[in-house]
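A.B. asks:
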Amino acid sequence: MRIRRGWDIHFDTERYLAQVGGNLPRLLARPDVRADWEAALADARALVEPAAVWEVFPIREFRHERVILADGTRIGGGPVVTVVAGATELAVGVCTAGAAVSRRISEYQRNGHRLRAMFLDDLGSWAVDQVRQQLCRAIEADAVGRGRRASASLSPGESEWSVGDQAVIFSLLDARPIGVTLNESLVMSPIKSLSLIIGIGPGPLGVEGASNCDFCTIRERCAQRRLRLA
Ligand code: SF4
């Protein structure tokens, strides 16, 4: 199992404003709104603790819409088999922006700082997505270094792949060293965390070079996706 902390996370006000759009650029001209934004930005820069844990598992076979790993673990549904078709290994990872930023969001919500909480919530999501992008590139670089190829990544719950497979991912990976756990409702703690899979194989794979957003059921209304595309 591999663990890495210290991913490069950057927040840029102009980029955020350009992508979120709407009335926000005009609202930020108001001193009170600007103060909330600046406070959230300072919190994000101080509190985000990016980390990821991942492991690569050999695949035994594909059976209908499921991938069967060498140890018998069954994982999949939705677009999983289509995306990782041809893979001989499955990379499984969990990323987080850390507990401190999630705690601060909750504090702001409890204390009625709703706008500050919303800004920090967006920045926390942006942070964990940046970890995801870098982790995917690291897994792909490792695969290429071993003469293999990597598929697009997928996360349970984003597409038609059931969120129920969070439990399978957490049965494969112990994410506690980076402070991430899964509760009985299949919700990760800290909340600014996500899990993913990537297929790895020696030949062409089902879907390569695509974004997980391409399979996401909320892609048309997702501000985070617009930030990623910026
Ligand atoms: S569209 Fe949004 S929620 Fe869906 S995968 Fe992309 S960033 Fe995540």
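Residues 314 to 543 (this note's numbering) make up the sequence shown, in order. Each residue gets a CB set at the ideal place from its N, CA and C atoms; glycine is no exception.
1) Report the rounded CA-to-CA distance for Gln446 versus Trp320, giving the unit in angstroms.
2) Mapping the DSSP letters down to three states, classify Glu374 as helix, strand or coil.
3) Using the Cβ count rule (16 or more neighbours within 10 Å means buried), how would you classify Asn525?
4) Taking buried to mean at least 16 other C-beta atoms within 10 Å of its own C-beta, is Ala383 buried or exposed?
5) Three Cβ pairs or more, each shorter than 8 angstroms: is that satisfied between the segment 399-413 and the segment 351-361?
6) Would Asp349 pass as a contact of Phe483 if the rule is Cβ separation under 8 angstroms?
7) Return yes when at least one heavy atom of the ligand SF4 lies under 7 angstroms from the C-beta of Arg318, else no.
8) Quick check on this structure: which residue in Glu453, Thr386 and Val366 has the alpha carbon closest to the alpha carbon of Pro515?
9) Which residues count as close to the ligand SF4 when the rule is a CB under 5 angstroms from any of its heavy atoms, in chain order?
10) Taking the Cβ atom as the reference point for each residue, do Leu330 and Val405 lie within a distance shorter than 8 angstroms?
11) Quick check on the burial criterion: 16 or more other C-beta atoms within 10 angstroms. Buried or exposed for Glu473?
12) Is Asp356 buried or exposed, if buried means 16 or more other CB atoms sit within 10 Å of its CB?
13) Would you call Glu533 buried or exposed, if buried means 16 or more other Cβ atoms sit within 10 Å of its Cβ?
14) Just to check my reading of the structure: Val520 and Val444 have Cβ atoms closer than 8 angstroms, yes? What is that Cβ distance to the nearest angstrom?
15) Which same chain residues, not among the five before or five after Val476, have their C-beta less than 8 angstroms away from its C-beta?
16) Tell me where the alpha helix (DSSP H) around Val458 begins and ends.
17) Rounded C-beta distance between Leu340 and Val346? I'm assuming under 8 angstroms.
18) Count the other C-beta atoms from every protein chain shown that fall within 10 angstroms of the C-beta of Met501, then say buried if there are 16 or more, exposed otherwise.
19) Taking 8 angstroms as the threshold (C-beta atoms), are Ser464 and Leu509 in contact?
C.D. replies: According to the data block:
1) What you label residue 446 is simply residue 133 of the sequence shown in a count that begins at 1. What you label residue 320 is simply residue 7 of the sequence shown in a count that begins at 1. When rounded, the distance between both Cα atoms is 10 angstroms.
2) Your numbering for residue 374 matches position 61 in the sequence shown. It is a strand residue.
3) Numbered from its first residue, the sequence shown carries residue 525 at position 212. Flag for Asn525 reads buried.
4) Residue numbering aside, residue 383 sits at position 70 when the sequence shown is read from its first letter. The residue in question, Ala383, is exposed, as its Cβ has fewer than 16 Cβ neighbours within 10 Å.
5) Touching, yes, given that three or more Cβ pairs across the two stretches are closer than 8 angstroms.
6) Mapped onto the sequence shown, residue 349 falls at position 36. Mapped onto the sequence shown, residue 483 falls at position 170. Result no, Cβ atoms of Asp349 and Phe483 do not sit closer than 8 angstroms.
7) Taking the first residue of the sequence shown as position 1, residue 318 is located at position 5. For the ligand SF4, not one heavy atom lies less than 7 angstroms from the Cβ of Arg318.
8) Within the sequence shown, residue 515 is the residue found at index 202, counting from 1. The candidate whose alpha carbon is nearest that of Pro515 is Glu453.
9) Chain-ordered list of matching residues: Glu471, Asn525, Cys526, Cys529, Arg532, Cys535, Gln537 and Arg538.
10) If you number the sequence shown from 1, residue 330 lands on position 17. If you number the sequence shown from 1, residue 405 lands on position 92. Pairing Leu330 with Val405 gives a Cβ-Cβ distance that is not under 8 angstroms.
11) Start at 1 with the first residue of the sequence shown, and residue 473 comes out as number 160. So Glu473 ends up on the exposed side.
12) Along the sequence shown, read from residue 1 onward, the residue named residue 356 stands at position 43. Label assigned to Asp356: buried.
13) Counting from one through the sequence shown, the residue named residue 533 turns up at place 220. Exposed is the call here.
14) The residue labelled residue 520 in the question sits at position 207 within the sequence shown. The residue labelled residue 444 in the question sits at position 131 within the sequence shown. Contact annotation, Val520 with Val444: C-beta distance approximately 22 angstroms; criterion of less than 8 angstroms not satisfied.
15) To locate residue 476, count along the sequence shown from 1; it is residue 163. The answer, listed in chain order, is Pro469, Gly470 and Leu499.
16) Position 145 of the sequence shown, counted from the start, is the residue given in the question as residue 458. For clarity, residue 458 is Gly in the given sequence; the question names Val instead. Residues Arg427 to Gly458.
17) The residue you call residue 340 lines up with position 27 of the sequence shown. The residue you call residue 346 lines up with position 33 of the sequence shown. Yes, they are in contact, since the Cβ atoms of Leu340 and Val346 sit about 5 angstroms apart, within 8 angstroms.
18) As a first step, residue 501 is located in the sequence shown; it is residue number 188 there, counting from the start. Result: buried.
19) Reading the sequence shown from its first residue, position 196 is the one you call residue 509. Reading the sequence shown from its first residue, position 151 is the one you call residue 464. Taking 8 angstroms as the cut-off, the beta carbon of Leu509 is found no closer than this to the beta carbon of Ser464.
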